[in-house]
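Residue 501 in numbering that gives the first Met the number 0 sits at position 502 of the sequence shown, and the numbers go up by one each step.
Here a beta-carbon is modelled for each residue, glycine too, at the ideal position from N, C-alpha and C.
Notes follow the structure.
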Amino acid sequence: MAKNITKKARDKTKTPFSFSEIFFDFKHVKGDVFGGITAGIVALPLALAFGVQSGMGAIAGLYGAMMLGCIAAIFGGTATQISGPTGPMTIVSATVIAAAIEMSGSLQAGMGIIIATFLLAGGFQILLGVLKIGKYIKYIPYPVVSGFMTGIGIIIILIEIYPFMGHKSAKSTIKIITQISEPLSSLNWMAIGLGGMTIAIIYLFPKVTKVVPGALVALLAATLTAYYLKLNVPLIGDIPSGLPSLKIGGKLMLDPSIVWTAVGHNIPYIGGFPLDIQVNPHDMSLVRELPISPFMIDPIASQDISYSGNLPLNVPFIPSDIPLVKAGGLFSIAPSMTWMIIEFAATIAALGTIDSLLTSVVADNITKTKHNSHRELIGQGIGNVASGLIGGLPGAGATMRTIVNINTGGKTRLSGLIHSLLLFVILIGLGKYASHIPMCVLAGILITVGIGIVDYHKGLRHLFQVPRADAVILIIVMAITVFGNLIHAVGVGVVLACVLFMKKASDLAELETTVTPLGSSREEELWEDEKSVYDEYRDKIYIKHMSGPMFFGFTSRFQELIKELDPGIKVLIIRMKDVPYIDQSGVYVLQEAILELRMKDVMVLMTGVPPQPLDMMKKIDIIPSLISEELLFKKFTDCELWLKYNLKNISENLKKL
């Protein structure tokens, strides 16, 4: 009986991490090497830029890209996905960091809150993967996703306007807008020139060649220009080189140092011990050994102090340049901070989940594979926990880097690992040179990233063609994202979409319209007028009866049904007389499905299309670009006549369209 178990049943019994899947497939090693190296080169300037934008420094972005990219490649559920800091994740992280600094007084003092948030966010992602929540992401409507991503793009652009002009950016989008007169009154034209040069190279260099990423060329060209011409522009400054350091409790770093500072052994609270002693770091004769926990060390110990001549014999010595933790470390965070940490962590986890799974879908469409969403979330969660432990930014699947990896030959997890190894080598050998990178150059790179995130090609472009409710939801979500709370923006958008859909469904119910999933003509009862056609062309045509509105919750199932079509099918007839309404998500899925069928040389005919879906398809240009008006039939009998005269010449007709 065991022999009769289907492949689908076997797949369901597999564990998220089977032993054989942990190891890499070396069949495509050449493509993986090229894909990984190219993705790593693309990731370098972005990682540095995202690190600076977050407020933790360029090194945090590099650590995040390196660690998350490695762990997610090993444990994730998408073989070709490249992970690292992304625009949306950086914006949320920057919000966390700004809040921690505001509440604690400095970045060092707030590191406990920041690291706790990043670690908890990774834990939430692991939990989401274990609970198999990823499958519900498909129910987020397109206007919500579009509004959110567009809002994120706008935030990135706004934040980088100040560095682009040679100034430090304000802390919030509202302050950026209200205080814009300050940088405008004292423009740094050198910074503006370098930033403009960066943007121009990014957009123009691909027209020369796409072998080398434009962002990397822009970074090198603008940095070298500033260095050799000695331009007076703000720079990144020194960033650490060498191995990343483990952070315990938020700010304890286990780095060796040759500079020593005396610290009192009795430190009951922050700032509670007067430090006015300085000692010779090479004279250890006065020091007695004293057991002391790292979690008892006060952060004030890192400040400069003077020698008084009376050195206590029981004072331990520690490196003065270690960012130290307050008493109790990570586990002594004030109870008042708990809810804030949970809220921020949930936001990061939710956004990372959406960002990663959307990238996984993009990778699936290119590679014609199927990702494991549950495993992907677990891998991303483990990666974000590991990144947080060394002070790296949290991240997610990066769409652009993933596409670059695939297009240059990446096919397996090995490409993601090579991408991380390249960043590690750069960190070890070239980290010291990054200090010369101008802030305006990173601003130029991020402005192009923000422009790329803004959903112009679909969401904004069709704002006046889609149903008014979808357009309103998009605008509301975008506004809340830019000026309010990111997670609230998604929540409000989903709630509004659900309420509006329930109203539409209620109205349709009054008209005795049912909402049912699609079925195939081989599984359903044929309609009376189809029997003669089906008997004659059953091996060449496929009939789909569509019933009820095509809305955002239905689009995933429609995509699956299209992929299940038999390879020998020449014509798909979609009967739409019972489809009274199609929303923005539905029309885009229909567009993608028709494109995919055309690539398979399958002709699509439609019969009985109601006014609203017909109007939507014309506005989005599905008709006549993908389906000419001669392939739309009011009655099925007209479609039958067309088949009798044209079925033999389907291939020729497809070429003419």
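Going by DSSP in three states, residue i sits in which element: helix, strand or coil?
i      : result
Tyr580 : coil
Ala468 : helix
Gly327 : Per-residue confidence for Gly327 stands at a pLDDT of 37, beneath the threshold of 50, marking its modelled position as unreliable; the derived number appears in the next sentence. Looking at Gly327 - three-state DSSP - the assignment turns out to be coil, as it is neither helix nor strand.
Ser546 : strand
Pro608 : Per the sequence presented here, residue 608 reads as Val, with Pro not at that position. Coil.
Phe632 : strand
Met602 : strand
Val453 : coil
Ile573 : strand
Asp660 : No answer is possible for residue 660: the residues shown for the chain start at 0 and end at 656.
Gln178 : coil
His487 : helix
Ala169 : coil
Met164 : coil
Lys562 : helix
Pro212 : coil
Gly39  : helix
His370 : coil
Leu130 : coil
Gly76  : coil
Lys206 : helix
Phe147 : helix
Phe123 : helix
Phe557 : helix
Thr407 : coil
Ile626 : coil
His461 : coil
Asn645 : helix
Within its chain, find whatever has a CB closer than 8 Å to the CB of residue i; leave out the 5 residues flanking it on each side and keep chain order.
i      : result
Ala214 : Val41, Pro44, Leu45, Ile201, Ile444, Thr447
Ala470 : Pro142, Leu462, Phe463
So, are the CB atoms of residue i and residue j less than 8 Å apart?
i      : j      : result
Gly56  : Val384 : no
Thr480 : Phe147 : yes
Thr224 : Val453 : no
Ile139 : Val493 : yes
Gly382 : Met66  : yes
Val211 : Ala496 : no
Ile112 : Ser103 : yes
Ser145 : Gly458 : yes
Phe557 : Val588 : yes
Lys562 : Ser372 : no
Pro663 : Lys634 : Lying outside 0 to 656, the shown extent of the chain, residue 663 is not represented and no answer is given.
Gln124 : Leu376 : yes
Ala64  : Pro84  : yes
Ile621 : Gln464 : no
Ala93  : Gly54  : yes
Ile436 : Leu47  : yes
Pro243 : Tyr62  : yes
Phe163 : Ile132 : no
Name the one or two DSSP bridge partners that residue i has.
i      : result
Gly396 : Ser82
Pro437 : Leu234
Ile540 : Val570
Could you give the C-beta distance for residue i and residue j, rounded to a whole number, given that I count them as a contact under 8 Å?
i      : j      : result
Leu119 : Ala442 : Not a contact, Cβ separation roughly 31 Å.
His418 : Gly68  : 5 Å
Gly39  : Leu421 : 3 Å
Gly396 : Ser82  : 5 Å
Ser414 : Asn406 : Not a contact, Cβ separation roughly 11 Å.
Ser168 : Ile175 : 7 Å
Thr401 : Gln178 : Not a contact, Cβ separation roughly 37 Å.
Leu230 : Met189 : 5 Å
Apart from the five residues just before and just after residue i, which ones in its own chain have a Cβ nearer than 6 Å to its Cβ?
i      : result
Gly378 : Ala71, Phe74, Gly75
Tyr580 : Pro548, Gln611
Gly387 : Ile114, Phe117, Leu118
Pro233 : Met438
Gly449 : Gly152, Ile155, Ile156
Ile100 : Leu106, Gly109
Val476 : Val143, Gly146, Phe147, Ala488, Gly492
Glu159 : Ala442, Leu445, Ile446
Excluding the 5 residues flanking residue i on each side, which residues of the same chain have their C-beta closer than 7 Å to its C-beta?
i      : result
Thr197 : Ala217, Ala221, Val440, Gly443, Ile444
Ile173 : Phe482
Met615 : Ile581, Val586
Thr346 : Val91, Leu485, Ile486
Cys638 : Ile572, Leu604, Thr606, Phe632
Ile425 : Leu43
Ile136 : Thr352, Ile353, Leu356
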